Every structure is written in C-alpha cells, then in structure tokens.
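Reading through the structure tokens given below for one structure.
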Amino acid sequence: GNSVTQMEGPVTLSEEAFLTINCTYTATGYPSLFWYVQYPGEGLQLLLKATKADDKGSNKGFEATYRKETTSFHLEKGSVQVSDSAVYFCALFEAGGTSYGKLTFGQGTILTVHP
Amino acid sequence: GAVVSQHPSWVICKSGTSVKIECRSLDFQATTMFWYRQFPKQSLMLMATSNEGSKATYEQGVEKDKFLINHASLTLSTLTVTSAHPEDSSFYICSARDYSGYQETQYFGPGTRLLVL
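Line order of the protein sequences matches chains W and X.
Residue 93 in my numbering sits at position 93 of the first sequence; the count goes up by one each step and never skips.
Residue 74 in my numbering sits at position 74 of the second sequence; the count goes up by one each step and never skips.
And the structure:
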C-alpha cells in the first residue's frame with residue numbers, strides 16, 4: 001500500500017534560518033504530492049502541491065520538488081519566520097482504484113522558530 | 001479558500017454515552033467528506049469516507065457500529081461515537097472534497113477534541 005515517511009521532529013530553528021523537512025513516499029502508481037500545515041488549534045491547510053514528476057510546488061516562500069527517481073518531496077524555505085511555527089504534514093493522493101480520493105499522510109513534523 | 005467547520009470544537013463525556021460531531025462545508029457542496037482520527041504527536045488516520053446519500057466506506061479496522069457516519073445533505077456529515085470509552089479519546093478531523101474549478105481540493109475542518117472519562 002501507499003506510505004509517506006517524514007523526518008522526525010521536532011525541528012527548532014532561529015528566525016531567518018534555512019529549513020528542510022524531508023519526505024519520501026511509496027506508491028503503486030503516479031501520485032500527487034502535498035504539503036499541509038497545521039497551526040495550533042486549527043485545521044490543516046494546503047501549503048503546496050505537485051502533480052507529476054519534476055513539478056515544483058511553491059507558496060509563501062516554501063518550495064518542494066517532486067522527485068520520482070528518489071521518491072521524495074522535501075519541503076524547503078530559505079528564511080523561516082516565527083509565524084512559520086506549526087506542524088507540517090507530507091501527503092500523497094493517488095487517483096484510481098480503491099485509493100481514489102484518499103490522502104495518505106506522513107507522521108507530521110513539528111517546527112518551532114525562535115526570534 | 002473554502003471553509004469547513006466542525007462542532008463542537010471539544011467535548012468531554014462520560015464512558016458509555018454517545019457523542020455526535022458535525023462537519024459542515026460552509027460555502028460549497030461536498031458529495032464526499034472524510035473523517036480522520038489524530039493521536040497526540042501522530043499523523044492523521046483515515047477512518048471512513050462519507051458519501052452523500054449513501055453508506056459510508058470504512059477503513060480496515062474501524063468499527064462501523066462504533067463510529068456511525070451520516071451524510072444526509074451536501075453540506076453536512078456527522079460522526080457519532082457510540083458507547084464511548086476512554087480509548088476513544090482523540091482528536092477527530094473531517095475534510096470535504098470540493099470539485100469546483102478545474103481541480104479537486106480537500107479542505108479540512110479545525111478538528112474536535114474528545115475526552116471520555
């Protein structure tokens with residue numbers, strides 16, 4: 001079955017530091033890949049997505065590139081802010097078959113950014 | 001983006017009672033909604049897929065008689081935890097599928113924290 005593995009957290013950074021959160025996946029077909037963010041007390045928000053190999057998703061300074069050869073979708077940001085503190089989830093969506101419409105999530109990575 | 005609400009945001013109940021959680025899509029119609037469960041410091045686990053006007057599809061290992069799902073309208077799905085026990089304490093999150101525009105997107109509710117005493 002499908003699976004998503006994220007780097008274990010928590011990740012603690014100083015403001016303006018460079019961020020990388022690793023994500024690798026296993027899928028039977030050609031999934032779409034997502035990063036969701038969950039701020040304290042809130043639901044999940046879609047941060048960015050990529051639907052095919054070599055696509056780059058970007059939003060709010062965050063980027064992730066769909067790498068089929070390494071089955072990875074690592075999240076990066078060049079300069080984090082305190083307001084980026086949240087839990088980040090990598091997820092995949094595979095159309096077709098019994099998995100249609102279902103998101104498979106990684107375990108989540110807690111990011112804390114200090115001033 | 002579209003908004004999905006959940007009610008209540010948190011609930012405390014006694015063991016053996018039933019609890020109903022509502023999930024509403026506020027500005028779009030959702031023929032399909034999803035119910036997830038999230039344990040502390042863990043990822044979301046899909047419990048079931050809720051389809052408007054038909055029976056829900058449960059994931060393997062999820063007791064359908066324990067977690068009753070009703071999707072009676074295009075904007076409302078409910079999850080009822082029947083005869084709740086302390087091990088049912090968790091954070092329950094719903095999402096709604098929006099087909100508008102050229103892409104399908106899932107929007108998530110803020111979650112409901114359940115504590116069973």
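For each residue, glycine too, the CB sits at the ideal point set by N, CA and C.
Quick caveat, the model's predicted, so the values are computed rather than measured.
So the candidates are the options; which of them puts its Cα closest to the Cα of residue i?
i, options, result
"Ser32 of chain W", "W:Leu46, W:Lys60 and W:Pro40", "W:Leu46"
"Lys68 of chain W", "W:Ala86, W:Gly29 and W:Gly9", "W:Gly29"
"Trp35 of chain W", "W:Ser14, W:Leu103 and W:Pro115", "W:Leu103"
"Gln6 of chain X", "X:Cys94, X:Gln106 and X:Leu115", "X:Cys94"
"Ile21 of chain X", "X:Ser90, X:Glu63 and X:Thr112", "X:Thr112"
"Asn51 of chain X", "X:Gln29, X:Ser83 and X:Ser89", "X:Gln29"
"Cys13 of chain X", "X:Phe91, X:Pro86, X:Glu104 and X:Asp98", "X:Pro86"
"Phe91 of chain X", "W:Leu13, W:His114, W:Gly41 and W:Leu111", "W:Gly41"
"Thr24 of chain W", "W:Phe73, W:Leu44 and W:Glu8", "W:Phe73"
"Glu94 of chain W", "W:Val4, W:Gly43, W:Ala27 and W:Leu75", "W:Ala27"
DSSP state of residue i, grouped into three classes?
i, result
"Ser83 of chain W", "helix"
"Asp65 of chain X", "coil"
"Glu87 of chain X", "helix"
"Ser54 of chain X", "coil"
"Tyr88 of chain W", "strand"
"Ser3 of chain W", "strand"
"Ala17 of chain W", "coil"
"Tyr25 of chain W", "strand"
"Thr105 of chain X", "strand"
Could you tell me which chain W residues have their CB closer than 8 Å to the CB of residue i, listed as they occur along the chain?
i, result
"Thr105 of chain X", "Leu46"
"Ile93 of chain X", "Gly43 and Leu44"
"Val62 of chain X", "Neighbours of Val62 of chain X on chain W: none; closest Cβ ~13 Å, over 8 Å."
Applying a beta-carbon distance threshold of less than 7 Å, which residues of chain W neighbour residue i?
i, result
"Gly109 of chain X", "Gly43"
Cβ closer than 8 Å: which chain X residues qualify as neighbours of residue i?
i, result
"Lys102 of chain W", "Phe34, Leu46 and Thr49"
Could you list the residues in the stretch 30 to 49 of chain X with a C-beta less than 9 Å from some C-beta on chain W, going in chain order?
Thr32, Phe34, Tyr36, Gln38, Lys41, Gln42, Ser43, Leu44, Met45, Leu46 and Thr49
Do three or more CB pairs link the stretch 1 to 9 of chain X to the stretch 47 to 60 of chain W at distances below 8 Å?
no
Counting only Cβ-Cβ distances shorter than 8 Å, please list the residues of the stretch 30 to 43 of chain W near chain X, keeping chain order.
Those would be Tyr36, Gly41, Glu42 and Gly43, in chain order.
Positions along the stretch 10 to 31 of chain X whose CB lies within less than 7 Å of some CB in chain W
none
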